[in-house]
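Asks:
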Amino acid sequence: MQTIALKSPSLNFSQTDITSHASIQEKRASLVKLLPKQANDIRYLSSDDVVLLLTVYKLENIRCQHCHPSGILNYFQDDCFSESSSSECIKSIADSLTNTFIQSWAIRSRSQSIDVKLLDEIKALLVGTCHRLEIVRSIAFSFSNRLLTAIPNLVSKQVIIFTILELLSLLHESCTNQLEFEYSFKFNYSSTLAAFEVDLPDNYSLKDSLIKKLTHSLDVWVISALPGANLELSSALSVYLSETSEASPTHYGASLALKYSLKIPSSDSHLASKSQLDEDLAGAFSNRFGLRCKTNGEITGVRLALKKGVNEMHKIPDNEISKEDVRRLKKQTQDLLYGIHNKECDLTLPDLKRLLWRCAGILVASNKLDFELLHYLVSVPFQVFTGDSISTALEVWIWLFHERKDFQTKTIMEICNEWLSTIKARKGLFSTVNSEIDPFHDGIEYSPSNEEEMNNNATVAKKTFLPHLYVIQLLNGFLTSLESHDPVAIFTISKCLYKSTKSGLMSRHPLSRELRFTILNTAFRVIRTASLDSNSESLLRESTLNCALSWFTVKPHWCFGGNRLQIKSDIQCLNVFLLNIKSSGSLSTSMDNTYKERIKLLEVLLDNEVNKLKVWLDPLNDAERGGYLPSLMHNATISEHEWHKYINIAWAHSTELLMGLASRFKSPTITRELKKLARHFTNSFIDIPEALEHFLNGGLQELSSTSLRFLNFWAPVSPSSALAYFQPEYKNDSMILQYAMKCLEHHTVQLTFFYVPQIVQALRDDKLGYVERFIFETAKISQLFCHQIIWNMKANTHRDDNGELADPMKPLLENMINMIVSSLSGDAKDFYEREFTFFDSVTSISGKLKPFVKKSKPEKKEKIDEEMKQIEVDPGVYLPSNPDGVVVDIDKVSGRPLQSHAKAPFMATFKVRKEVVNLESADDGILDNDQEEKKHVFEKWQAAIFKVGDDCRQDVLALQAIAIFKTIFFTSGLALYLNPYRVTATGPGCGVIDVVPNATSRDEMGRAKVNDLAEYFLQTFGSKESMAYQKSRLNFIRSMAAYSLICYILQIKDRHNGNIMIDGEGHIVHIDFGFLFDIGPGGIKFEPNSFKLSHEMVTVMGGKDSDGYKMFQELIVKGFIASRIYANEIVNVVKLMLGTELPSFKGEGTISRLRDRFMLHLDDRAASQYMIGVIRNAHENSRSIAYDEFQSRCLHYL
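Take the sequence shown: its letters are residues 653 to 1850, numbered as in the numbering used here.
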């Protein structure tokens, strides 16, 4: 029986598995006897529950008697005891079993028959104290607390203390991660040191309370354990500190271990009596721990000496290393530098650490400075130049700095020289890789948001700047020691700072903000405290000011992603710098007026930057989140006279700064003056693409042909901006058209490919044939561009669904198609013929279905299957909606007719082969190798809908805009989810639509008798406490926020339950964009002007007062603020399509209203308040409710 109990898994019955028994009353009485406090609950239990509870008690009691108690936790992880009465009974059973286990352990400990493996049972209970389910946490903690209180010596066991410390470390790490990646939670954590995994909850407050609760309990347990197991506990803590020595400096478990190592046991009466004098064991512990490390080093030295022979040991002086050993170490280090330079080094971080400590040890022990060895000591970490290599080197440099004061100056000179070498090598802060953020630099893709890639980009960017941040913090620390007695070292640092700030090469990535302004604060510290000569001080002051101003020469950006800790650090750095420049201006009387004026402008820019960051940190204006951060300037309104002064200051400094001022402040004065300056001093603006908008602002009437000649030298604008210059308002001016052509040709085909619909529309006013030539030449370069442009031109030959109302461009488009096709030859012609033959054979099925329109679905499907069997898949063909994949097979029986009264759309499934490029690191050595591109080929089944007699161009436009928003969110580090699936218009009223995979509509849920969205999530993803549910809810919130914002900006209507999908991961996905901008179903806009936010949607988020709903609001506001910077890109893409006269367009008014919805005249705080008002309007809006009711009753959408 015992063997069966110990080997069997936990019981898991459904209630129908247990039948009634004649003696059930007897069993009920037995259960009451076992659990007298639950007598009242037991009275109302079913016979099945009674038998189950008795069985559980007997089975787990046997296990506890044999020290296997952790199985009791398994009964709380399913719905077996979900009812309150049976749940309370099982809790009482757990309490009873605790007593049984404690008694059994006591008996075994007296007989010394405890198996070491039994400690793993206690470890499992301790891990359960952090379980995602509250009831499991409660039972596990109660069991563990009673056990460790009754048997305190258990805490001294290495397995137990390691588990507790690692649990606290993981909880702390999880809380930190939640602050660094606020909207991207990590649930699973593991400890290699204690060998366990745990799924932590997603609630920050809960995890914080768990840390406090477990830490307090550990304090009690340790104090209880000290009298009887002081030595064992001290030894375990020492081992733990040794094992975590390579961990983060802020490792929570190591901090606690050190704290407990210093505790004085109450059993030591002599030491305990001294505790009243606030004494502890710090000295004894540090000596013991240091001796331990020293002994390990001596053992290593003995091993090396033994290789020479014991008789030779006495010949080695105590404080001197043999020249041969030094020579070998230098050779080893020199070879390492060579390997690092050629990226052939396989040294690990511990190896590097040992090497650096050996070099430093020799330098400390040497009688005179070995310059070559010092150079290697500094050069090697800088050559590796990762956060790990520099942080490792810092410990060594600090040791050398304080041990050998006579080497301090040379050490600082070496560090500063290596810093300057990073400028030349363009590393770290001076790297070109993460210099600036441009959402449209690498092109825009129709693919779902990729959170993993986005977070990886943030991690890579942060790692890029980390080495310089560590070094500047070190130099700051050195300055404290040097300010009074080493002018050479101070001059060296000031020279390093001057060359860094003067270089003009510092990155302007959002994550480099803290580093840049830390450098600038250090420069001001040197100016303020060091006795530099007047010339050096003046140069450093000027370069520092210019470096600060250069931060504001680009479009404003917030902190990349949701890293709250980083935002607070940035604000703190900016506030310190603001104080520095204020004090600098007030203390110095030798500055000229120009310098002081630039200081005033810088104060305004810094205040604006801090306010932007505060909005990002606290988008809902919640005092608890960000209001405590001090503001060093009052938000006074700037008068027009002051704006003129600031404009002149910025203009005198640089054109780029003036453009940066214009991008941050939406002042009519700035816009007006910028236009004047751009037209009078055009040559100063030609290197700035964004300046062209101001140069051409107001039309061509005031521009001479001489001024327009500067366009030949102007930096290229984006494709959408270039295409806008083909619009009628620019009157086909040849200079402007030539510039627009130059811009289009400048960009890659991969980038312009996205704008195929706009390129075709640019033909409407292409009187001089520039666009025509561009299309023709680009079609020769890219076959995919060639095919897509042909399909789009065919789609635009007519304006109606049935191809009866010809577009005025029809002759031109048909001529262009013929010209392109006739120019094809060889492989290009063969590819074109294969592709279009394949596609025509698929789409022709719709035409053959028309006679079956009135027939039943089975008859239609039979016809589709019959036609599908005749289609042959030629090599290389692809779906127009999937140009990045190749069709390799067709599911010949996947055809499915779709609902339509007079048309014959159908759906079919194709096997598509795609090639993706993943970035993978080469190895785990010290080198942070550039990630290698590795191609992976995979195949997937892709369903597509083929429509005939239904214009898809409006869907194409809506999904283009959604793809642009997705790119903006991605480059801002915002965890907003969008899935811009592909739609391709291929002919008049014809198109191909990708089906969103693994998704179901809200309407389909209703037809499946799932009448509530929250119920669907529970059925699909499990209980609310499950990890799957929490992940799906997070996905729902992030996607809901993204689509809600887009529904507002684009005014997407007809949001009934048939047009809202939920995918297999919980994301919401909107489909069918037949009504947007200025129209709604029936020609009226009955739905609210905000977006759809129903009660059931809010319920899934957790309710109106939940953290989930708060996150939803924050994400919408942040998405709105981030997208406003790129409003012109979005507006241009839409405006270029006005000539199609799609139903949603009501002339130029549509464009004006679209631009107005971005609220570009408001600052960030006002814009966030406006968007909060939009959200309030959307929440359970009566018009949305009435529209859903209408759709349900009249069109039968559930």
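All residues carry an ideal CB built from backbone N, CA and C; glycine is no exception.
State the Cα-Cα distance for the pair S1434 and G1639, rounded to the nearest angstrom.
Replies: 21 Å
Asks: Is it the case that the region 1671-1685 contacts the region 1727-1734, given that we only count it when at least three CB pairs across the two stretches are under 8 Å?
Replies: At 8 Å Cβ cutoff, the stretches do not touch.
Asks: Taking 8 Å as the threshold (C-beta atoms), are T1144 and C1199 in contact?
Replies: no
Asks: To the nearest angstrom, how far is the alpha carbon of Y1695 from that of F1743?
Replies: 9 Å
Asks: Could you tell me which residues DSSP pairs with V1568 in its beta bridges?
Replies: Paired residues: H1588.
Asks: Report the option in G991, R1250, E1591 and F1034 whose CA atom is closest to the CA atom of H1120.
Replies: F1034
Asks: Among all the DSSP beta bridges, which residues are the ones paired with W1593?
Replies: K1563
Asks: Given a cut-off of 8 Å, decide if S682 and L711 are closer than it, judged by their beta-carbon atoms.
Replies: no
Asks: Sorry if obvious, but does the Cβ on F793 come closer than 7 Å to a heavy atom of the ligand ADP?
Replies: The ligand ADP is not part of this structure, which contains no ligands at all.
Asks: With the cut-off set at 8 Å, would you say E1070 and V1036 are in Cβ contact?
Replies: no
Asks: For Y1761, collect the residues of the same chain with a Cβ closer than 7 Å to its Cβ; drop the 5 residues on either side in sequence, then sort them by chain order.
Replies: V1750, M1753, G1754 and G1755
Asks: Just verifying my parser: in three-state terms, what is the DSSP assignment at T1038?
Replies: Three-state DSSP puts T1038 in coil, outside helix and strand.
Asks: List the DSSP bridge partners of S1186.
Replies: Answer is none; S1186 lacks a bridge partner.
Asks: Does the region 1516-1530 come close enough to the region 1424-1434 that 3 or more CB-CB pairs lie under 8 Å?
Replies: no
Asks: Report the CB separation of G1771 from R1416 in whole angstroms; it is logged as a contact under 8 Å.
Replies: Rounded to the nearest angstrom, the Cβ distance from G1771 to R1416 is 33 Å, too far for a contact under 8 Å.
Asks: Pairing CB atoms from the region 1617-1637 with CB atoms from the region 1586-1594, are three or more of them under 8 Å?
Replies: In this structure the region 1617-1637 does not touch the region 1586-1594; the number of beta carbon pairs closer than 8 Å is below three.
Asks: Which same chain residues, not among the five before or five after I1124, have their C-beta less than 8 Å away from its C-beta?
Replies: L1167, T1170, I1171 and T1174
Asks: Determine, using beta carbons only, whether E1487 comes closer than 8 Å to chain B.
Replies: Among the chains of the structure shown, chain B does not appear; only one protein chain is present.
Asks: Do V1494 and N1444 have their C-beta atoms closer together than 8 Å?
Replies: no
Asks: Give a yes or no on whether the C-beta atoms belonging to G1716 and D1452 are separated by under 8 Å.
Replies: No. Outside cutoff.
Asks: If the criterion is Cβ atoms closer than 8 Å, does the pair H1027 and I1089 meet it?
Replies: no
Asks: Quick check: the region 1202-1214 against the region 1622-1633, are there 3 or more CB pairs under 8 Å?
Replies: Per the Cβ contact rule, the region 1202-1214 is in contact with the region 1622-1633 (3 or more Cβ pairs under 8 Å).
Asks: Given this structure, state the Cα-to-Cα distance separating S632 from L800, to the nearest angstrom.
Replies: As displayed, the chain neither begins before 653 nor continues past 1850, which places residue 632 out of reach and without an answer.
Asks: Checking 8 Å against the spacing of the C-beta atoms, do K1383 and L1352 come in under that value?
Replies: yes
Asks: Does the region 1640-1656 touch the region 1598-1614, meaning 3 or more C-beta pairs lie closer than 8 Å?
Replies: Touching, per the Cβ criterion.
Asks: Identify the continuous beta strand (DSSP E) that holds M1713 and give its terminal residues.
Replies: For M1713, the enclosing beta strand (DSSP E) starts and ends at I1712 to D1715.
Asks: Look at S756 and C716 and say whether their C-beta atoms are less than 8 Å apart.
Replies: yes
Asks: Please report how far the alpha carbon of N751 lies from the alpha carbon of I774, in whole angstroms.
Replies: If I take the Cα positions, the gap works out to 14 Å.
Asks: Please state the DSSP three-state secondary structure of D930.
Replies: Unreliable positioning characterises D930 in this predicted model, as indicated by a pLDDT of 44, which lies under 50. The coordinate reading is nonetheless provided below. D930 falls in the coil class under three-state DSSP.
Asks: Once DSSP output is grouped into helix, strand and coil, what is the label at E1677?
Replies: The answer is coil: DSSP assigns E1677 none of H, G, I, E or B.
Asks: Between K1115 and the rest of its own chain, which residues show a CB-CB distance below 6 Å, the 5 nearest in sequence each way excluded?
Replies: So the qualifying residues of the chain are G1039.
Asks: To which residues of the same chain is E1194 closer than 8 Å at the C-beta, ignoring the five residues directly before and after it?
Replies: Y1247
Asks: Does the pairing of the region 1077-1088 with the region 1385-1396 give three or more beta-carbon distances under 8 Å?
Replies: Result no; under three Cβ-Cβ pairs closer than 8 Å.
Asks: Could you tell me how far apart the beta carbons of A1414 and F1378 are, in whole angstroms, since I believe they sit closer than 8 Å?
Replies: 4 Å
Asks: If we ignore side chains and look at the alpha-carbon of each, how far apart do T1181 and T1307 end up?
Replies: 34 Å
Asks: What residues in its chain sit with their C-beta under 7 Å from that of A1680, if we drop five residues either side in the sequence?
Replies: Cβ-Cβ distances below 7 Å link A1680 to F1673 and G1674 in the same chain, with the five nearest sequence neighbours on each side left out; the list follows chain order.
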